[in-house]
Structures are given as C-alpha cells and as structure tokens.
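In the UniProt record's numbering, the protein residues as written are 1 to 96.
Next comes the structure, spelled out in structure tokens:
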C-alpha cells in the first residue's frame, strides 16, 4: 500500500462544523427532555432558549479564540489558570 494515498485533507468549512454542532445539540434530546417545562412556561421559554443560546455561543467563541491563542491540553482549567488565577484554575479543574 502506498503512503501518498492516505493523506489527510482539511475539507470542512465553518458552516459544516456549525451544522455538526447544531445536530449534536439537538440530537441529545434537549427539547424532548424539557417538554414539560416548555408546556408549563409557554411562549416565554422560546425567549429563554434564545438568550441562553446566545450566551453559550459567545462562551464557545471565547474558548475557540483562547484555544487558537494558547493551544495547550487542559482546556478550561488551564485557561482559568492562565488568564485569571491559579485557584480559579484549580476549582475549574475539579468542576470538570
């Protein structure tokens, strides 16, 4: 078998990754599991999901920027240790 046929290629675009992430979030049963809450709260729950989704979106964007700027293993705890304080990094490591 030749080695030159097994090369990796970066073929995913940003929109592909976003759709994979969206499918993963919906596929976890997020909306199915919270059907009772949606039924109880009514239309206001749509606004709550929108606000929560925006917050999570910006948090993930910040994590992506930190991962590009400082590519280390350790993720949350390492970033908290670097950008905040050692104790915050310790607490973050124990939370995850």
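For glycine and all other residues, C-beta sits at the position ideal for the given N, C-alpha and C. On a predicted model such as this, the values are computed, not experimentally measured, just so you know.
Span of the alpha helix (DSSP H), counted from its first residue to its last, around residue i
i          : result
residue 77 : 75 to 83
residue 68 : 44 to 69
residue 89 : 86 to 95
residue 12 : Neither: residue 12 is in no alpha helix (DSSP H) and is coded neither H nor E.
Span separating the alpha-carbon of residue i from that of residue j
i          : j          : result
residue 83 : residue 72 : 13 Å
residue 32 : residue 46 : 14 Å
residue 76 : residue 60 : 11 Å
residue 56 : residue 62 : 10 Å
residue 43 : residue 9  : 45 Å
residue 38 : residue 74 : 36 Å
residue 53 : residue 11 : 27 Å
residue 85 : residue 51 : 29 Å
residue 68 : residue 92 : 20 Å
residue 14 : residue 34 : 29 Å
residue 58 : residue 26 : 19 Å
residue 17 : residue 40 : 34 Å
Assumed close pair residue i, residue j - CB separation to whole angstroms, cut-off 8 Å
i          : j          : result
residue 66 : residue 49 : Contact doesn't hold; Cβ gap of about 26 Å is too wide.
Proximity below 8 Å, CB of residue i to CB of residue j
i          : j          : result
residue 81 : residue 89 : yes
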